[in-house]
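Here this note's numbering = 1-based position in the sequence shown + 92. All C-beta atoms, glycine included, are put in the ideal place defined by N, C-alpha and C. The structure presented is a predicted model; accordingly, all values stated were derived computationally and were not measured. Below is one structure, written out as structure tokens; comments come after it.
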Amino acid sequence: MLELVDQGAAGRQRAAWPTIAGDPAEDLEDGAHHAGEIAVPFTSNGWELLCMKKTRTSRQEGPALRMTYPGFVFRTLTKEGHDPKQLLADTGLTEESLADPEFHAELQPIRRFFLNAIEQTGEPHLAIRIAQEFEASFIGLPAYAAMNAATFKDALAVLSRYFFLTFPAIEFIAPDREAVVQAREFAIRLRPKRPLGEISNFAFSSALIACESLCKAILRMPKAALRGEMSIRKPEGWKHVERRFGFPIRFEAPAVRLFLPDVLLNKALPGSDPLNHRRLLVLCEEVSERARVETTPVGQVVSFLQREQNHALSVSQVARALGYSERGLRRHLERSGMSMCTTMAQACS
């Protein structure tokens, strides 16, 4: 267990949080202390610490994650009879949060949840089976807008612009101009915006399979991908599951990519609808503007406090409700040039 430490005059107060390899919350524990950090007494509810402005520098932790895919995995496994409590153990997540379209979480609890899922099912390659059940419609607005585009190339442009609305931690790049392609093919790159560590195989497998499923749904074709690439080593036991993947995979590649026939780019889409497409693009842009605010930690805290209408909540209560560790929330606010005092004032305005 990782211990989150709040340095105070009276010593250290510690809060348990599951240790995940490579998690940014371990920065200070690993000795990567930030310039200008000051030690202040940590009071009962923690607001005083959050109101102290500190100058720190550190790597960007990336956007908060929506529950679209974790929620799907959770629903699928509980329907199969797996214990919800075991799946959510040490994550800080709840069944309610996984079903909440407005809920966002840091990578740390999501990573723990996926590791729990692999452990509880006893399937090292669980991602393949689960991702093949993920419907393109679950992606929501960006998928619908893409399906109504005129051509597949137009659909990919929509996804490149709005994929983050559903999957803010993945950058969708299509066509990928940096890819080394073979004759008569093009590439879609799925670039994770954060290091994924020990769930890389789960995440990359899920992303490639779900991406091909989305392409098949847009094109209304039984198969779309020629091959795929992952930037990880070939996982143990791969030879027993590679046929289930649906297309060949090259490991230890420079990036995570899906390769498709380039003849598809100018293919007219069977679901093309100019009127609906325009309306959906307007909706995408409206949601995009809101998401750029609400998916930032400051925006999440402001929205949460405005919904709850309770400004006496403790740091731990706010962090838990938003899927953060206390330290993670403080770090995010500081990097945005905000303190909890100023964030609370913004929520009241």
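- Within the same chain, Cβ atoms closer than 8 Å to the Cβ of residue 277 are found at 318, 351, 352, 353, 354, the five residues on either side in sequence being excluded.
- A contact between stretches requires three or more CB pairs, one per stretch, nearer than 8 Å, and the stretch 302-316 meets this requirement with the stretch 211-228.
- Counting of Cβ neighbours within 10 angstroms places residue 268 among the buried residues, the total reaching 16 or more.
- In this structure, the alpha-carbon of residue 314 lies about 22 Å from that of residue 282.
- Secondary structure note for residue 420: it is in no beta strand (DSSP E), and the uninterrupted alpha helix (DSSP H) holding it is 418-427.
- Check the Cα spacing between residue 156 and each of 404, 338, 200, 166: the tightest is with 200.
- Residue 158 sits in a strand when the DSSP states are folded into three classes.
- DSSP places residue 434 in the helix class (H, G or I) of the three-state scheme.
- If you keep only unbroken beta strand (DSSP E) runs of at least 3 residues inside the stretch 235-278, you get 262-265.
- Rounded to the nearest whole angstrom, the CA to CA distance from residue 255 to residue 373 is 12 Å.
- Inclusion of residue 390 and residue 425 in the CB contact set at 8 Å is warranted, their separation being smaller than that value.
- Within the same chain, 244 come within 6 Å of residue 356 by CB-CB distance, once the 5 residues on both sides are set aside.
- Below 8 Å, too few C-beta pairs join the stretch 395-404 and the stretch 248-264 to call them touching: fewer than three.
- Here residue 266 is not near residue 250, since their CB atoms are 8 Å or more apart.
- Excluding residues up to 5 positions away in sequence, 324 lie with their Cβ nearer than 7 Å to the Cβ of residue 292 in the same chain.
- Assigned with DSSP and collapsed to three states, residue 174 falls in coil, not helix or strand.
- Residue 240 has its alpha-carbon roughly 14 Å from the corresponding atom of residue 358.
- Following the DSSP letters along the chain, one finds residue 201 inside the alpha helix (DSSP H) bounded by residues 199-213.
- Leaving aside the five residues that flank residue 232 on each side, the residues in its chain whose CB is nearer than 8 Å to its CB run, in chain order, 160, 257, 258.
- For residue 351, DSSP records a beta bridge to 279, 319.
- About 6 Å separates the beta carbon of residue 196 from that of residue 158, a gap short enough to meet the 8 Å contact definition.
- Across the structure, residue 242 and residue 252 are spaced so that their CA atoms are roughly 16 Å apart.
- Beta-bridge analysis with DSSP links residue 284 to 262.
- Judged by DSSP in its simplified three-state form, residue 369 adopts helix.
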